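Report on the structure given below.
Residue numbers (our numbering), protein chains in the order written: chain P, 1 to 282; chain U, 283 to 412.
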C-alpha cells in the first residue's frame, strides 16, 4: 500500500496486512464497534472485542478507566507492552479511532488502524469467525493516564475561546446549526441547547473518508482542513457530542497529517450544550 | 431460561430476520424516532383495527435497536392499545436480555418510545374535530 504522503503511514495497515498477520503472536487485532453486537455476528478470525462503553469507561464517573483497570483489560486480552494492536470497526472506524485515542491516553506504544474497517474486510469477501479466542494473560502494566497532550477539558475550551484559537466541530451540519437535538415527537436527549461553540468550524468527521471507508489521501485531507484554517501550526481542539467522532478527526489530524497539537474535547456537546451560561452560536 | 449465548442468538435472529418490518399505508399514525448522533432510526406505523393493535416498523441502525423493534412488534400486534402501552422499559429490556442490552438502553428502548409517541399522535388526531 502506498503511503499517500501521510505523516505517519505506519499507523494505517491494509486488510492484506491484517490477513497476513492473523497468526502473528506480536499482533493483536481488536474490534471496536458502535454497534456492539457486530463482533458476535462475525469478526476477523482471532480478533478480540473491546467495547468502548463497558471496557474503556469508568462505570460511575464520566471518565475513562484508570491505569489499574486498563492494565487488567490488556492483560486479559493478551496484549503486552510490545504488542502491535490493530483496531478496526464499523462506521468508517469511528469507534476504532476512539479506542485508539483511549489507548494513547496511556501512551500505548504501537496502536494502528486497519484502513477501511470492518466493512472493507467484509466487502472483500474475507473470512469471518464467531469463535471468541482466548490468549495467555500478559503482565502488562499501564503508566498513569496522562490526559494533557491529547485531551481537552471544559476549562481548556474556555481558554481556547478567550484566545480565539481554532475549534473543529465534527458533527453534522444539522447538529452544528442547532436544528438537530432530537427527532420530532421523541424525548429530548443529549443537550438542552443546540448550536455550536462560538468560532468553531464545521468539518463533519465523515468527510475524511472515502466511499469504501478508507481514509482520503493526504492531499485531500490537507485541503479539507486547511481550507478552513485548520493548519498544523495551530493549537486545535476537536469536539462532537461525546468525543467519539472527534477522536476520528483527532486521529486524522495527528497521525495522517502530522499536526503536533491536537486535542479531543470529549465532554463535547453533551457537556457544553448543558452548561449554564456557556456561550453558543447557531 | 436462555443462556447468554442463546439470548444473543435470539437477538441476532430478530436483527437478521426482522418481524413486521414494512410500511403500513393506512396507518392512523406514523412517527419516526431516533438518535441523530449515532444513526439509529425507527419509524413506527400504527393503527387500531377491531380494538387491536396493528403495527409495523421500518428503520436502520444498530443491531440492538433493530432487533428490539422486531421483538416489540411481535409483542404488541394483536393486543389492545392499553395492553401494548403497559409494556415498560424494564420489561422490554428483560425480554431482550438485560445483561446484553443494558449498556445500550437507549438503543433497546428506542422502538418502545417511538411506538408510544405514535400512540399519542394517534390520540391527538382522534381528538381533533373533523
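Even for Gly, the Cβ is constructed at its ideal location relative to N, Cα and C.
What you are looking at is a predicted structure, and each value in this text was computed from that prediction instead of being measured.
Quick check on residue 99 of chain P: does DSSP put it in helix, strand or coil?
helix
Close Cβ partners of residue 48 of chain P (< 6 Å) along its chain, the five nearest in sequence each way excluded:
30 and 77
For a test of the three-state rule: what should DSSP assign to residue 156 of chain P, helix, strand or coil?
helix
Neighbourhood of residue 309 of chain U by C-beta, 7 Å cutoff - its chain only, sequence neighbours within 5 removed
327, 328 and 329
To the nearest angstrom, report how far apart residue 277 of chain P and residue 158 of chain P are at their CA atoms.
12 Å
Skipping 5 residues on each side, what residues in its chain have a beta carbon closer than 6 Å to that of residue 361 of chain U?
335
Residue closest to residue 50 of chain P, alpha-carbon to alpha-carbon, out of P/86, P/15, P/66 and P/273
P/86
Would DSSP call residue 186 of chain P helix, strand or coil?
Residue confidence is low: residue 186 of chain P scores 44 on pLDDT, short of 50, so the model does not pin down where it sits. Its coordinate-derived value is still stated next. The answer is coil: DSSP assigns residue 186 of chain P none of H, G, I, E or B.
How would you list, in chain order, the residues of chain P whose beta-carbon sits under 7 Å from the beta-carbon of residue 386 of chain U?
36
8 Å contact criterion, which residue 241 of chain P and residue 269 of chain P should meet: CB distance rounded:
5 Å
What are the residues in the region 43-70 of chain P lying within 9 Å of chain U by C-beta distance?
51, 53 and 54
Same chain, Cβ closer than 6 Å to residue 344 of chain U, neighbours up to 5 away in sequence not counted:
322 and 389
Considering residue 364 of chain U, what are the terminal residues of the alpha helix (DSSP H) in which it resides?
363-367
Could you work out which residue in U/408, U/348, U/333 and U/304 is closest to residue 386 of chain U when comparing CA atoms only?
U/348
Is any beta-carbon of chain U found at less than 7 Å from that of residue 40 of chain P?
yes
Going by the beta-carbon positions, is the gap between residue 121 of chain P and residue 249 of chain P smaller than 7 Å?
no
Give me the Cα-Cα distance between residue 55 of chain P and residue 149 of chain P, rounded to the nearest whole angstrom.
22 Å
Have a look at P/202, P/69 and P/123 and flag the residue whose alpha-carbon is nearest the alpha-carbon of residue 226 of chain P.
P/202
What does DSSP give as the partner residues of residue 129 of chain P in its beta bridges?
P/43
Does the separation of the CB atoms of residue 393 of chain U and residue 324 of chain U fall below 7 Å?
yes
Where residue 69 of chain P and residue 293 of chain U are concerned, what is the direct C-alpha to C-alpha distance, given to the nearest angstrom?
30 Å
Based on DSSP bridge pairs, tell me the residues matched to residue 27 of chain P.
P/84
Going along the chain, which residues of its own chain have a beta-carbon closer than 6 Å to the beta-carbon of residue 111 of chain P, five neighbours each way excluded?
85, 100 and 103
Chain-ordered chain P contacts of residue 293 of chain U [CB-CB under 8 Å]
37
Using only CA atoms, which one of P/263, P/214 and P/255 lies nearest to residue 92 of chain P?
P/214
Counterpart residues of residue 237 of chain P in DSSP-defined beta bridges:
P/167 and P/263
Starting from the Cα of residue 288 of chain U, find the closest Cα among U/402, U/398, U/405 and U/381 and give me that residue.
U/381
Below 8 Å on C-beta distance, what does residue 290 of chain U contact in chain P?
37 and 40
Just mark residue 162 of chain P as buried or exposed, buried being the case when its beta carbon has 16 or more other beta carbons within 10 Å.
exposed
Contact list for the region 334-349 of chain U against chain P, Cβ threshold 7 Å:
344, 345 and 346
Once DSSP output is grouped into helix, strand and coil, what is the label at residue 140 of chain P?
coil
Give every residue of the same chain whose Cβ lies closer than 8 Å to the Cβ of residue 124 of chain P, excluding the five residues on either side of it in the sequence, and list them in chain order.
15
For residue 170 of chain P, the nearest candidate out of P/136, P/206, P/257 and P/80 (CA to CA):
P/206
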